[in-house]
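S.K.: Protein chains in written order, with our numbering: chain A, 2 to 430; chain B, 2 to 430.
Glycine residues also receive a C-beta, built at the ideal position from the N, C-alpha and C atoms.
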């Protein structure tokens, strides 16, 4: 069967285009053309019966992803399912299962079967874990294992995979030559680079990119070309190593499209606020407008415990400049595995960023819900306000904490509520 | 005695200029010249023995303000002092006491005597309360009372006051003519407009501006020209009423400077992300580069419970574009009076925005602390990381929640820590 990209190029109007068109309030042909041009991807494995099909890319609503998954220190499948449900409830458009602890194959299959939204994974993690469990030195890692794992993920129904294909020897040399404060902070990127350095061999996902494309094509998995060299601190942002990798990703994205495989590009990372827009523009330019999936960006390094906020700032500015897909960051980032509450906070922060950008870009209808909130506020209609709030429970909880002497107003201003006063003044005249 | 502005114009090098120069790592003369030009203000009542003297304006570090204060529904002086201490501990550069419940004169004096940082107030609140307590109709409010209160605040040692002088009849007419979803959301602005509409009279703080200047001059209080017509929702942003008021504030700022009174301008409010920069640039242009004090801006209306995040996004972008002073917004905004925990969250969110902007603007040395964090991260030096974290306790709390099998790494990645891996790889080569 042809992939969604091949179908779009042929002008074959697939059901997926129709669903995305409904979701975006656009014409199916428009979505089809955007997929054909590579500016939009629809992550969906051809064996995955996906309840909510979404498109990611130019002209569409900004989407958000929530990472969940176990680590060796915390393995609880029930909790991971709760995280998934929480993320979806608060508006995540996709979930990445990044499990590295426990029976990760079983965990992945369970998450895929329970999730209404697209699932992404990072197959190299499984290879890293197998290697570690065999107490095998990294030197012994066989690239064959990685390709086998990618095939397994495809068979399981994974919709998109992060693959660090652009981290080449040249990029590692750039990194060494220029120096960095935090070298490599991507786990997959680090594992790949360690192996490359030890073996003095090229990245197997780069040299074997055609084989990767064959597997991705078979299952119609969308490739998310990972940025193994994303900056891990502000000082390392937008350096030669990062841009070198991005250029390679642009080349590989072109090859992927030519092979009928949907592709998006992953981006930083830790980036000073004044460089965020530039990072988006250079990606779009170098990668023929492939959808851009950003991890943050985080705009200061000194707020661990609050990185949902540092990344909401960077994410909003990135999305306004054209980033299409925001990977959430939770308050736990840099410190621990997120729990269910962290997932909720992370998703909401990311949705705020995405929604603020949709409004800023004039996405049709984006501001309507804000205007409804404004109308409810003018009417002091609390039930109305709660009904359009991003997190209804949290809003109710806050409002209820301090009882107000007057029911119609809140405890912040009480009888001196400006809304109430001006409504009265305008009514009297 | 001459005011700080008059001294600066005369080239009289006051101690305050020296202290601000030390704080900003600049030359005292440079600060003096910036004060003389009106581009920087140093809020300090001439009778207030202020421990921490700061400057606000062009070329200086972005500052943040925390609002505290009682409401009729919640009166607890001890808690307000705790809020003040918490705000200062986490980095607030100034505190506004917006109390509207209890013995507000006593509360104000206590806060002033305990605060190491500058205190601002909104004197019209006191007039509103007195009016309400006398069960007196708004019609009976005597502007004389407002001027008497402003004098009282000056005598108490208040360093800066918000005065809604620019809300004129013309602006109210603009507001009525064009229509708004949320009309007026400023309490002081609303009270003023109600009175103006009822009496068909001009705003007493506009018609009596010279008298206001005399009082401000006497105590060397900095005027913070309030935006009574700031938009209360995205739909109302950057409309004719708002810009009309801003133009009047520009005129009044000029008159204030000519009278030797320091002045800054307050700005919105609720603003779509794509209009934030424009709002800053137009203020700077219309007000001869007077320092700009923004309330938010909040970039979406639908996230009550998370408005510290919506405003951190707007605040960061505003500050990068030139806003000098960010008024924090807490998660409780629009819902209830903030408690101590809300104050902490609000201050940190605001500091993140201010710091991200300082880095983005290349404020000398701003990124140094981020680079220290990056170095500690590369070394997996947790104590080092905690020592430079904006909120050390929160970072420790998160890190400690899930014990990691390995001490040097955190529970997020465990043994698959990229930092650890790449350190090893580079060391082996």
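Any idea if residue 251 of chain B is buried or exposed, counting beta-carbon neighbours within 10 angstroms, 16 or more meaning buried?
M.R.: It counts as buried.
S.K.: Can you tell me which of B:191, B:232, B:234, B:161 puts its alpha carbon nearest to the alpha carbon of residue 220 of chain B?
M.R.: Of the candidates B:191, B:232, B:234, B:161, the one whose C-alpha sits nearest the C-alpha of residue 220 of chain B is B:161.
S.K.: Among B:212, B:428, B:63, which one has its Cα closest to the Cα of residue 152 of chain B?
M.R.: Measuring from the Cα of residue 152 of chain B, the nearest candidate turns out to be B:212.
S.K.: In whole angstroms, what is the alpha-carbon distance linking residue 326 of chain A and residue 119 of chain A?
M.R.: Cα-Cα distance, rounded: 13 Å.
S.K.: So, for residue 200 of chain B: in the same chain, excluding its five sequence neighbours on each side, which residues have a beta-carbon less than 8 Å away from its beta-carbon?
M.R.: Result list for residue 200 of chain B: 140, in chain order.
S.K.: Spell out a yes or no on whether the stretch 216-236 of chain B and the stretch 175-187 of chain B are touching, meaning 3 or more CB-CB pairs, one atom from each, closer than 8 Å.
M.R.: Result yes; three or more Cβ-Cβ pairs closer than 8 Å.
S.K.: Based on the DSSP secondary-structure assignment, which residues constitute the bridge partners of residue 265 of chain A?
M.R.: Residue 265 of chain A is bridged to A:225.
S.K.: Mind checking whether residue 258 of chain A and residue 70 of chain A have CB atoms under 7 Å apart?
M.R.: No, Cβ-Cβ distance for residue 258 of chain A and residue 70 of chain A is not below 7 Å.
S.K.: What whole-angstrom Cβ distance do residue 60 of chain A and residue 97 of chain A have, given they're in contact under 8 Å?
M.R.: So it is not a contact: roughly 24 Å between Cβ atoms.
S.K.: Excluding the five sequence neighbours on either side, which residues of its own chain have a C-beta within less than 7 Å of the C-beta of residue 67 of chain B, listed in chain order?
M.R.: Correct list, in chain order: 88, 93, 96, 329, 344, 347, 348.
S.K.: List the endpoints of the continuous beta strand (DSSP E) containing residue 18 of chain B.
M.R.: Not the beta strand (DSSP E): residue 18 of chain B falls in the alpha helix (DSSP H), residues 16-25.
S.K.: Starting from the C-beta of residue 150 of chain A, find all residues in its chain whose C-beta is less than 6 Å away, skip the five residues before and the five after it, and write them out in chain order.
M.R.: These residues qualify, in order along the chain: 124, 127, 128.
S.K.: Using the C-alpha atoms, what's the distance from residue 351 of chain A back to residue 322 of chain A?
M.R.: So the two alpha carbons sit approximately 16 Å from each other.
S.K.: Please list, in chain order, the chain B residues whose beta carbon lies closer than 7 Å to that of residue 446 of chain A.
M.R.: Only positions 2 to 430 of chain A appear in the structure, and residue 446 of chain A is not among them; the question remains open.
S.K.: Report the CB separation of residue 314 of chain A from residue 313 of chain B in whole angstroms; it is logged as a contact under 8 Å.
M.R.: The pair is a contact, with the Cβ atoms about 6 Å apart (cut-off 8 Å).
S.K.: For residue 122 of chain B, which residues does DSSP report across the bridge?
M.R.: Bridge partners of residue 122 of chain B: B:98, B:162.
S.K.: Using the rule of at least 16 other Cβ atoms within 10 Å of the residue's Cβ for burial, across every protein chain shown, is residue 395 of chain B buried or exposed?
M.R.: Classification of residue 395 of chain B: buried, given that the 10 Å Cβ count is 16 or more.
S.K.: Using 8 Å as the Cβ pair cut-off and three pairs as the minimum, do the stretch 275-291 of chain A and the stretch 22-31 of chain A touch?
M.R.: No, they do not touch.
S.K.: Work out the CA separation of residue 318 of chain B and residue 2 of chain B for me, nearest whole Å.
M.R.: Between residue 2 of chain B and residue 318 of chain B, the C-alpha separation is close to 39 Å.
S.K.: Which of the three DSSP states, helix, strand or coil, is assigned to residue 328 of chain B?
M.R.: Note: residue 328 of chain B maps to strand in three-state DSSP.
S.K.: So which residues on chain A does residue 422 of chain B lean against when the C-beta distance must stay under 7 Å?
M.R.: Simply 191, 192, 195.
S.K.: Would you check if the distance between the CB atom of residue 193 of chain B and the CB atom of residue 353 of chain A is smaller than 7 Å?
M.R.: Going by C-beta atoms, residue 193 of chain B is not nearer than 7 Å to residue 353 of chain A.
S.K.: Between residue 321 of chain A and chain B, is any beta-carbon pair separated by less than 7 Å?
M.R.: At least one chain B Cβ lies under 7 Å of residue 321 of chain A.
S.K.: In three-state terms, what does DSSP make of residue 294 of chain B?
M.R.: Three-state DSSP puts residue 294 of chain B in a strand.
S.K.: For a contact defined as C-beta to C-beta under 8 Å, what are the partners of residue 411 of chain B on chain A?
M.R.: Residues of chain A passing the Cβ test: 335, 336, 337.
S.K.: Do residue 262 of chain A and residue 217 of chain A have their C-beta atoms within less than 7 Å of each other?
M.R.: Closer than 7 Å, so yes.
S.K.: Can you find the residues in the same chain that come closer than 8 Å, C-beta to C-beta, to residue 80 of chain A, ignoring five residues on each side of it along the sequence?
M.R.: The answer, listed in chain order, is 340, 341.
S.K.: Identify the contact partners of residue 184 of chain B in chain A, using a Cβ-Cβ distance below 8 Å as the criterion.
M.R.: Neighbours of residue 184 of chain B on chain A, chain order: 379, 420, 423, 424, 427.
S.K.: So, using beta-carbon positions, are residue 333 of chain B and residue 399 of chain A closer together than 7 Å?
M.R.: The answer is yes: Cβ separation under 7 Å.
S.K.: For residue 417 of chain B, would you say it is in contact with chain A, using Cβ-to-Cβ distances shorter than 7 Å as the test?
M.R.: So, interface residue.
S.K.: From what residue to what residue does the beta strand (DSSP E) around residue 64 of chain A run?
M.R.: From DSSP, the beta strand (DSSP E) with residue 64 of chain A extends over 64-69.
S.K.: Taking only three categories from DSSP, how would you classify residue 54 of chain B?
M.R.: Correct three-state label for residue 54 of chain B: coil.
S.K.: Measuring CB to CB, does residue 254 of chain B end up less than 7 Å from residue 293 of chain B?
M.R.: Against a cut-off of 7 Å, the Cβ pair of residue 293 of chain B and residue 254 of chain B comes out as no contact.
S.K.: With 7 Å as the threshold, decide whether the Cβ of residue 171 of chain B is near any Cβ in chain A.
M.R.: No, residue 171 of chain B does not count as interfacial toward chain A.
S.K.: In whole angstroms, what is the alpha-carbon distance linking residue 229 of chain A and residue 191 of chain A?
M.R.: Near 7 Å, if we compare the C-alpha coordinates of residue 191 of chain A and residue 229 of chain A.
S.K.: Taking only beta carbons into account, state which residues of the stretch 364-398 of chain A come closer than 8 Å to chain B, listed in chain order.
M.R.: Hits within the stretch, in order: 368, 370, 371, 372, 374, 375, 376, 378, 379, 386, 389, 390, 391, 392, 395, 396, 398.
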